[in-house]
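**Student:** Sequential numbering of the sequence shown, starting at 13, is according to my numbering.
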Amino acid sequence: RNPPARRLSVPFSPCSVNTYPTDPTSMARRKVLFMESGSGMGGSSAALFYLLTYLDRSRFDPVVAYYFFNSGSHTKQIRQLGIPVVFLDSKRSGLPHFLSSRPSPWALRWLGTPLRFFLRAMLFDLPQLCKLLRFLRREAVELIVLNNDVHYHLPAALAARLARIPCVCRKAGGLGEGHRIKRLLTPCVDLFIAISTVTARDQRDHNPSTKRLVLLQPGVDLKRFTPAPPRPDLRLELGVPPGWKIVASVGRFHPGKGQRELIEAASLIVQKYRDVSFLIVGDEVPASGGVKSSLEYRVQQLGLSRNVIFTGWREDMNDLLRIVDVFVHCPTTSLEALGIANHA
């Protein structure tokens, strides 16, 4: 029996090399289901869009499934590639807040957490599992790819095991999260693809039942970010005064993404350098979470309304980066395994 380290490092292909005929024109396309747990906006959906853009469509027939309905920009871009997108729940945009967040510190967590798990399973996970099993049979799916860490994919991981379909998980983020549920779901996954050494270490150290693990760091389409003159009207559109330096942060609004810490740092910087604009690019998903409103309130408290600009989601990141003097990526938790914004 091979040592665990060597066993986990063996490369894996969902289909045997000998499965494909030598003549490319005679190859049958393999039906692949990509499961995305996000909202169609943000890093995971962007990574999925990049992957699908360069996927060999002569060999693979992809379809994308979200657990909840969304109209995110990346979902639209995926559809523009001609790839079908389905929603297991077409009426809701996500879990109710009381099921998607941990109980408050003063709540009885020993009771609250099991109760939340039970309600979520009965109301959402089991119905989605049943829908997914029917979809897998109807569409003759041959491979399931989880685009996020496995604990975000309880229905899909169980469906892969019940339907006996090979399952691959893109191990991204989720460091230190969901240890109990991961121990349950890890055996359902045939291959984990870690996007960084940190995510590989997290998977290997905390999930001994991992079957196979490979490290495959994501790339960046350099053609999208080739040097070019900045758009002359972009600074005016964003409200940046002429001659001011620009500091930018890009990411989904979340307490662990570092937007609040950047605002606190901005209050110190403008004491010495007044001619600096801080662009906070991104938004909150879902919009009713309260993170954005708390950030805006803090900006007003610190008197930074002239210096801090909330741009919302932007589709012109390549143009925006050309006018930025300093790019900031400062996650404050270990959950941020390898930000796409940091790569770009």
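In this text, a Cβ means the ideal position worked out from N, Cα and C, and glycines have one as well.
How should Pro167 be labelled, buried or exposed, when 16 other C-beta atoms within 10 angstroms of its C-beta is the threshold for buried?
**Tutor:** Counting from one through the sequence shown, the residue named residue 167 turns up at place 155. So Pro167 counts as buried.
**Student:** To the nearest whole angstrom, what separates the beta carbons of Arg247 and Ile335, a pair I think is in contact under 8 Å?
**Tutor:** As a first step, residue 247 is located in the sequence shown; it is residue number 235 there, counting from the start. As a first step, residue 335 is located in the sequence shown; it is residue number 323 there, counting from the start. Confirmed, about 6 Å.
**Student:** Let me confirm a value: Val338 is counted as buried when at least 16 other C-beta atoms fall within 10 Å, else exposed. Which label applies?
**Tutor:** Along the sequence shown, one-based indexing puts residue 338 at 326. Label assigned to Val338: exposed.
**Student:** What residue range does the alpha helix (DSSP H) around Tyr62 cover?
**Tutor:** Walking along the sequence shown from the start, residue 62 turns up at place 50. Taken as a continuous stretch (DSSP letters only), the alpha helix (DSSP H) holding Tyr62 covers Gly55 to Thr65.
**Student:** Sorted by chain position, which residues of the same chain lie with C-beta nearer than 7 Å to Val311's C-beta, five sequence neighbours on each side aside?
**Tutor:** In the sequence shown, the residue the question calls residue 311 occupies position 299. Result list for Val311: Ile275, Ser317 and Val320, in chain order.
**Student:** Which residue wins for smallest C-alpha separation from Ser221, given the options His191, Tyr309 and Asp233?
**Tutor:** Mapped onto the sequence shown, residue 221 falls at position 209. Ranking the options by Cα distance to Ser221, first place goes to His191.
**Student:** For my contact list, Leu357 and Leu93 are in at a C-beta cut-off of 8 Å; report their separation, rounded to the angstrom.
**Tutor:** Summary: the structure shown does not reach residue 357, with the chain confined to residues 13 through 356, and so no result is reported for it.
**Student:** Ordered along the chain, which non-local residues of its own chain (more than five positions away) have a Cβ less than 7 Å from that of Glu296?
**Tutor:** Start at 1 with the first residue of the sequence shown, and residue 296 comes out as number 284. Hits under 7 Å: Phe265, Val303 and Lys304.
**Student:** Would a C-beta distance cut-off of 8 Å place Ser56 and Asn160 closer than the cut-off?
**Tutor:** Against the sequence shown, residue 56 aligns to sequence position 44. Against the sequence shown, residue 160 aligns to sequence position 148. Yes, Cβ-Cβ distance for Ser56 and Asn160 is below 8 Å.
**Student:** Shortest alpha-carbon distance to Arg149 belongs to which of Ala260, Tyr62 and Leu45?
**Tutor:** Sequence index remark: in the sequence shown, residue 149 carries index 137 (1-based). Answer by Cα proximity: Leu45.
**Student:** By Cβ distance below 8 Å, which residues in the same chain neighbour Ser83 in space, the five residues on each side in sequence not counted?
**Tutor:** In the sequence shown, residue 83 corresponds to position 71, counting from 1. Sequence-distant Cβ neighbours of Ser83 in its own chain, meaning closer than 8 Å and more than five residues away, are Gly52.
**Student:** Enumerate, from N- to C-terminal direction, the unbroken alpha helix (DSSP H) stretches of 4 or more residues contained entirely within the stretch 235-317.
**Tutor:** 246-250, 271-281 and 303-313
**Student:** Use the C-beta contact count for Met134: other C-beta atoms within 10 angstroms, 16 or more gives buried, fewer gives exposed.
**Tutor:** As a first step, residue 134 must be located in the sequence shown, where it is residue number 122. Answer is exposed; the Cβ neighbour count stays below 16.
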